[in-house]
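Only one structure is covered here, and it is reproduced in the block below.
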Amino acid sequence: MTFTIDSFTLNVVDLTETSSPVGAEWHAWENEQIVLKRYIYGIKRTWRLTCVEKDVAWSNSAARYLQQKMAAGETVQFSVNEGDRYSLPATTCHIAGLELEIEPAGQQNIRKYVVILRER
Numbered sequence: 225m226t227f228t229i230d231s232f233t234l235n236v237v238d239l240t241e242t243s244s245p246v247g248a249e250w251h252a253w254e255n256e257q258i259v260l261k262r263y264i265y266g267i268k269r270t271w272r273l274t275c276v277e278k279d280v281a282w283s284n285s286a287a288r289y290l291q292q293k294m295a296a297g298e299t300v301q302f303s304v305n306e307g308d309r310y311s312l313p314a315t316t317c318h319i320a321g322l323e324l325e326i327e328p329a330g331q332q333n334i335r336k337y338v339v340i341l342r343e344r
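Right, dumping it as structure tokens:
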């Protein structure tokens with residue numbers, strides 16, 4: 225089970241994928257009534273990954289790396305290999321958001337983050 229963004233292998237505890245159609249809609253007059261016409265070109269996907277890092281220095285953190293890539297407006301390569309359950313070949317994505325959660329945990333170095341990726 226492997227989730228990767230660029231060179232980082234992520235410890236993902238939850239994955240959500242949302243698909244939205246990409247196309248055009250317009251109103252037309254048919255059979256003496258207004259109808260909504262659609263032409264769909266394809267879909268765009270968005271992924272929401274909840275990840276955990278333990279005992280990773282902030283300078284080596286995937287969350288920090290993703291913040292820097294997002295700030296620079298750069299894309300990343302995202303792939304998933306979950307065998308028969310779910311598979312995604314390397315896909316170019318924009319980082320649409322990042323939520324970082326650091327709970328007071330004494331001397332433990334644990335951080336949780338949610339990254340939202342949008343297909344380019």
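Each residue of the sequence shown is one higher than the one before, starting from 225 at the first, in the working numbering. Idealized CB from N, CA, C, for every residue including glycine.
Is the beta carbon of residue j closer than 7 Å to that of residue i?
{"i": "Cys317", "j": "Leu341", "result": "yes"}
{"i": "Ala286", "j": "Phe232", "result": "yes"}
{"i": "Asn235", "j": "Asp279", "result": "no"}
{"i": "Val300", "j": "Asp230", "result": "yes"}
{"i": "Val246", "j": "Lys268", "result": "yes"}
{"i": "Met294", "j": "Ile319", "result": "yes"}
{"i": "Glu241", "j": "Trp271", "result": "yes"}
{"i": "Glu254", "j": "Arg262", "result": "no"}
{"i": "Val339", "j": "Leu312", "result": "no"}
Name the one or two DSSP bridge partners that residue i has.
{"i": "Asp189", "result": "The question about residue 189 has no answer, for the chain in this structure spans 225 to 344."}
{"i": "Asn305", "result": "Thr226 and Ser311"}
{"i": "Lys261", "result": "Trp250"}
{"i": "Val280", "result": "Val280 is not bridged to any residue."}
{"i": "Arg335", "result": "Glu277"}
{"i": "Gly266", "result": "Val246"}
{"i": "Ala319", "result": "Correcting the residue type first, residue 319 is Ile in the shown sequence and not Ala. DSSP lists Leu341 as partners of Ile319."}
Here's the rule: buried if 16 or more other CB atoms are within 10 angstroms of the residue's CB, otherwise exposed. What is residue i?
{"i": "Glu277", "result": "buried"}
{"i": "Leu260", "result": "exposed"}
Compute the beta-carbon to beta-carbon distance between residue i and residue j, rounded to the nearest angstrom, for a pair I have assumed lies under 8 Å.
{"i": "Glu325", "j": "Tyr337", "result": "7 Å"}
{"i": "Thr315", "j": "Glu343", "result": "6 Å"}
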